[in-house]
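Novice: Provided herewith is a single structure, encoded as structure tokens, for subsequent inquiry.
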Amino acid sequence: MIPDVSQALSWLEKNPQALKGIQRGLERETLRVNADGTLATTGHPHALGSALTHKWITTDFAEALLEFITPVDGDIQHMLTIMRDIHRFTAREIGDERMWPLSMPCYIENGQEIELAQYGSSNIGRLKTLYREGLKNRYGALMQTISGVHYNFSLPMAFWEAKCGETDKESVSDGYFRLIRNYYRFGWVIPYLFGASPAICPSFLQGKPSTLPFEKTPGGMYYLPYATSLRLSDLGYTNKSQSNLGITFNNLSDYVVALKRAIKTPSEEYAKIGLKKDGKYLQINTNILQIENELYAPIRPKRVTRSGESPSDALLRGGIEYIEVRSLDINPFTPIGVDEQQVRFLDLFMVWCVLADAPEMSSDELLCTRKNWNRVILEGRKPGLTLGMGCEAAQFPLPQVGKDLFRDLKRVAQTLDGLYGGNGYEQVCDELLACFDNPELTFSARILRSMLDKGIGGTGKALSEEYRSMLREEPLEILREEDFRKECDVSWARQKEVEASDTETFEALVARHA
1 MIPDVSQALS WLEKNPQALK GIQRGLERET LRVNADGTLA TTGHPHALGS
51 ALTHKWITTD FAEALLEFIT PVDGDIQHML TIMRDIHRFT AREIGDERMW
101 PLSMPCYIEN GQEIELAQYG SSNIGRLKTL YREGLKNRYG ALMQTISGVH
151 YNFSLPMAFW EAKCGETDKE SVSDGYFRLI RNYYRFGWVI PYLFGASPAI
201 CPSFLQGKPS TLPFEKTPGG MYYLPYATSL RLSDLGYTNK SQSNLGITFN
251 NLSDYVVALK RAIKTPSEEY AKIGLKKDGK YLQINTNILQ IENELYAPIR
301 PKRVTRSGES PSDALLRGGI EYIEVRSLDI NPFTPIGVDE QQVRFLDLFM
351 VWCVLADAPE MSSDELLCTR KNWNRVILEG RKPGLTLGMG CEAAQFPLPQ
401 VGKDLFRDLK RVAQTLDGLY GGNGYEQVCD ELLACFDNPE LTFSARILRS
451 MLDKGIGGTG KALSEEYRSM LREEPLEILR EEDFRKECDV SWARQKEVEA
501 SDTETFEALV ARHA
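Per full-length UniProt numbering, the sequence shown starts with residue 1, numbered consecutively.
Set out below in structure tokens:
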């Protein structure tokens with residue numbers, strides 16, 4: 001089932017310098033909660049700066065949903081330390097509130113009003129809030145309170161020069177699309193190893209029936225005994241109306257054309273919601289996607305946008321600059337939601353995905369890859385679980401496929417360790433390889449043991465309290481207090497500039513997105 005990568009690995013071993021200069025970045029979402037685990041109802045704290053323009057701290061769907069962003073970094077430890085500094089500063093600024101340490105929320109009452117993220121009075125700020133209003137009306141606010149970690153990754157130009165002999169946007173983009181196709185085929189390994197949402201609070205279902213065969217604890221928690229990441233299941237960030245968009249990952253122009261078509265394709269379902277009610281906008285438009293970011297994908301091709309530029313126009317202009325991995329649950333075993341082992345594994349897996357052959361995928365095969373993901377998401381630790389390849393009938397035991405993959409990853413690890421020094425990558429391979437013979441070592445098995453003992457709420461409250469105390473007491477290491485104070489002041493000044501520079505009405509801006 002695993003493609004033969006031996007030739008490409010031999011090339012890499014002869015050209016290790018091609019990997020010198022890998023760049024990464026992290027984004028971590030976390031809900032602000034009260035001491036009792038309920039969702040905070042306070043606004044985004046002023047001391048954390050403007051959520052519209054702050055470099056490191058913003059909000060996602062809700063005022064209570066923080067998002068922390070590291071700068072692009074070539075050093076793993078440096079990146080993780082900056083992320084920890086952002087957490088340390090925030091822990092001290094949110095008073096008695098805590099940061100929820102799990103992907104799935106808890107203690108959200110049926111019908112509880114969840115305040116949408118607010119970004120000030122500028123057109124762009126109001127449009128961001130309106131986009132979230134649309135998400136709430138389309139999918140419900142509860143789904144939008146699910147948290148995750150995004151990992152951004154790019155290979156140095158020297159890699160593309162050595163591998164393809166070219167560094168033009170088409171060659172580089174084709175290489176990243178090869179990575180993405182392999183990610184769809186084999187990325188289920190991420191929820192298998194690192195999925196950490198095998199259970200949900202009953203409040204998350206809000207009394208709606210589910211087709212999933214949940215077991216229920218005496219305390220009311222719903223769980224699947226072998227699940228890895230319910231966050232990635234149909235309960236979480238998926239959208240059935242998006243599965244038939246015909247978006248494929250074979251080349252840049254086809255991808256962008258399909259994405260732009262989705263933004264302009266009317267939806268009967270969303271038309272029923274309406275555009276306005278009592279003079280208030282309910283969504284940006286009634287198309288399948290309001291904007292490109294609404295495409296729920298486990299991985300995205302990205303390029304930094306210029307002012308006023310859409311993500312797809314940025315890709316057309318310069319090609320793919322980096323990819324964004326979106327399948328990581330919050331890691332509950334660290335205060336910052338992600339750790340070095342995960343980053344090193346993702347480095348290895350991304351390099352493998354870009355080296356391995358990846359035949360072009362039809363939209364049908366793309367849908368077929370979802371079957372493997374769903375099996376792993378819902379019953380990844382089940383004894384005897386098998387996986388298929390694309391739409392073919394043949395099945396392979398998951399542990400065997402995992403071990404075959406890690407045999408290749410070990411060679412990538414040795415190359416990276418030789419390049420950067422130490423044995424960090426190889427050590428990660430050895431630690432994670434054991435998870436295929438013993439699924440009890442996976443994140444989902446470990447956190448489920450705690451949840452069965454204390455419930456989701458009990459587990460979440462205990463960890464959030466422990467991490468709050470830890471982070472508040474730790475000194476900053478890289479960013480200083482004055483850096484945060486300065487960025488706070490500058491971000492508010494930047495927001496005022498944005499608000500002062502509007503030249504059209506909000507209605508005209510919304511009309512341009514119709």
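In this text, a Cβ means the ideal position worked out from N, Cα and C, and glycines have one as well.
Quick caveat: nothing in here was measured; it's all calculated off a predicted structure.
Please check the pair residue 391 and residue 364, which I expect to be a contact at CB under 8 Å, by giving their CB distance rounded to whole angstroms.
Specialist: Right, their Cβ atoms sit about 7 Å apart.
Novice: Do you know offhand how far residue 70's Cα is from residue 407's?
Specialist: About 32 Å.
Novice: Which of the three DSSP states, helix, strand or coil, is assigned to residue 314?
Specialist: Residue 314 falls in the helix class under three-state DSSP.
Novice: Taking DSSP as the reference, what is the three-state secondary structure of residue 214?
Specialist: Coil, per DSSP.
Novice: Flag this pair as touching only if the region 489–503 and the region 40–54 have three or more C-beta atom pairs under 8 Å; answer yes or no.
Specialist: Counting Cβ pairs under 8 Å, three or more are found: they touch.
Novice: What is the residue span of the beta strand (DSSP E) that residue 57 lies within?
Specialist: Where residue 57 is concerned, the enclosing beta strand (DSSP E) stretches over 57–59.
Novice: How is the alpha helix (DSSP H) around residue 124 delimited, first residue to last?
Specialist: Segment 123–139, the alpha helix (DSSP H) holding residue 124.
Novice: Strictly by DSSP, which residues pair up with residue 287?
Specialist: According to DSSP, residue 287 bridges with 266.
Novice: Given a cut-off of 9 Å on the beta-carbon distance, is the pair residue 158 and residue 17 in contact?
Specialist: Their beta carbons are under 9 Å apart, which means residue 158 touches residue 17 by this criterion.
Novice: Do three or more CB pairs link the region 186–202 to the region 317–324 at distances below 8 Å?
Specialist: Flag = no, the region 186–202 and the region 317–324 do not touch.
Novice: So what's residue 357 in DSSP terms, helix, strand or just coil?
Specialist: DSSP places residue 357 in coil when its eight states are reduced to three.
Novice: One question on the structure: do residue 201 and residue 220 come within less than 9 Å of each other, judged by their Cβ atoms?
Specialist: In contact: residue 201 and residue 220 (Cβ atoms closer than 9 Å).
Novice: How is residue 299 classed by DSSP in three states: helix, strand or coil?
Specialist: In this structure, residue 299 counts as strand in the three-state DSSP scheme.
Novice: In the DSSP assignment, find the unbroken alpha helix (DSSP H) run with residue 374 in it and report its ends.
Specialist: Residue 374 -> alpha helix (DSSP H) spans 363–379.
Novice: Measuring CA to CA, which of 134, 186 and 399 is closest to residue 272?
Specialist: Closest by alpha carbon: 134.
Novice: When the Cα of residue 55 is compared with those of 509, 485, 350 and 507, which residue comes out closest?
Specialist: Out of 509, 485, 350 and 507, 485 has the C-alpha closest to the C-alpha of residue 55.
Novice: Considering only DSSP beta bridges, list what residue 276 is partnered with.
Specialist: Answer is 281, bridged to residue 276.
Novice: Would you call the region 8–26 and the region 155–174 in contact, with 3 or more CB pairs under 8 Å?
Specialist: Contact holds: three or more Cβ-Cβ distances are below 8 Å.
Novice: Looking at the structure shown, is residue 47 part of a helix, part of a strand, or coil, going by DSSP?
Specialist: DSSP places residue 47 in helix when its eight states are reduced to three.
Novice: Indicate whether residue 32 and residue 98 have their beta-carbon atoms separated by less than 9 Å.
Specialist: In contact: residue 32 and residue 98 (Cβ atoms closer than 9 Å).
Novice: What residue range is occupied by the uninterrupted beta strand (DSSP E) comprising residue 327?
Specialist: Residue 327 -> beta strand (DSSP E) spans 322–329.
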